[in-house]
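Note sheet for the following structure.
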Amino acid sequence: MRNRYLRPSWDLPEIYLYRTPVDFRKQANGLALIVEQELGHSPFSGAFYAFTNRQRNKIKCLMWEDNGFVLYYKALAEERFKWPGPSDDLMPLTGEQINWLLDGYDITLLRGHKTLHYESVG
Numbered sequence: 000m001r002n003r004y005l006r007p008s009w010d011l012p013e014i015y016l017y018r019t020p021v022d023f024r025k026q027a028n029g030l031a032l033i034v035e036q037e038l039g040h041s042p043f044s045g046a047f048y049a050f051t052n053r054q055r056n057k058i059k060c061l062m063w064e065d066n067g068f069v070l071y072y073k074a075l076a077e078e079r080f081k082w083p084g085p086s087d088d089l090m091p092l093t094g095e096q097i098n099w100l101l102d103g104y105d106i107t108l109l110r111g112h113k114t115l116h117y118e119s120v121g
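In numbering that gives the first Met the number 0, the protein residues as written are 0 to 121.
Structure, rendered in structure tokens:
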């Protein structure tokens, strides 16, 4: 695997995937307004938020870092991101999961086996 230099850290404590597509004319301040007004979160907390467009071929990620917003942008030349459906507006992710998403994996399928609860063996 090639080295990836401009990627979200696996150590980020809070990562959220905004499931509803957004208007990609929005820049950092417009995305921060979504975080604040629609999600009720503080965009200055240092949490990392990922957004996509309707075609799901672009991704923007927003994070406040000390004294300004960091805006990460990736546009695919072909294909689309495997974006979870809009059942909830926000989906918490790990650093590993956001990087899987950026690599093209369907993060909704990357689940372990279901937990089983039995009362008796026989």
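Where a beta carbon is used, it is the ideal one built from N, C-alpha and C, also for glycine.
For residue j and residue i, believed in contact at Cβ under 8 angstroms, the rounded distance
i    : j    : result
R6   : L100 : At roughly 11 angstroms, the Cβ-Cβ gap does not stay under 8 angstroms, so R6 and L100 are not in contact.
I106 : I14  : Between I14 and I106 the Cβ distance is about 11 angstroms, and since that is not below 8 angstroms, they are no contact.
C60  : F80  : That belief does not hold up - the Cβ atoms of C60 and F80 are roughly 12 angstroms apart, past 8 angstroms.
Where residue i falls, given that 16 or more other Cβ within 10 Å makes a residue buried
i  : result
W9 : exposed
Inter-residue Cα distance where the pair is residue i and residue j
i    : j    : result
P42  : Y117 : 44 angstroms
Q26  : T114 : 41 angstroms
L108 : M90  : 14 angstroms
R55  : V120 : 47 angstroms
P12  : E77  : 31 angstroms
V34  : H40  : 6 angstroms
W63  : E37  : 17 angstroms
Boundaries of the alpha helix (DSSP H) in which residue i is found, first to last residue
i   : result
L32 : 27-32
Beta strand (DSSP E) segment containing residue i, residue limits
i   : result
L16 : 14-17
The ligand ATP heavy atom lying under 6 angstroms from the CB of residue i
i   : result
R24 : Ligands are entirely absent from the displayed structure, and the ligand ATP is therefore not among its contents.
inquiry  = Suppose only complete runs of 3+ residues qualify. What are the beta strand (DSSP E) ranges in the region 45-103, listed by chain order?
reply    = 47-51, 57-64, 67-74, 89-92
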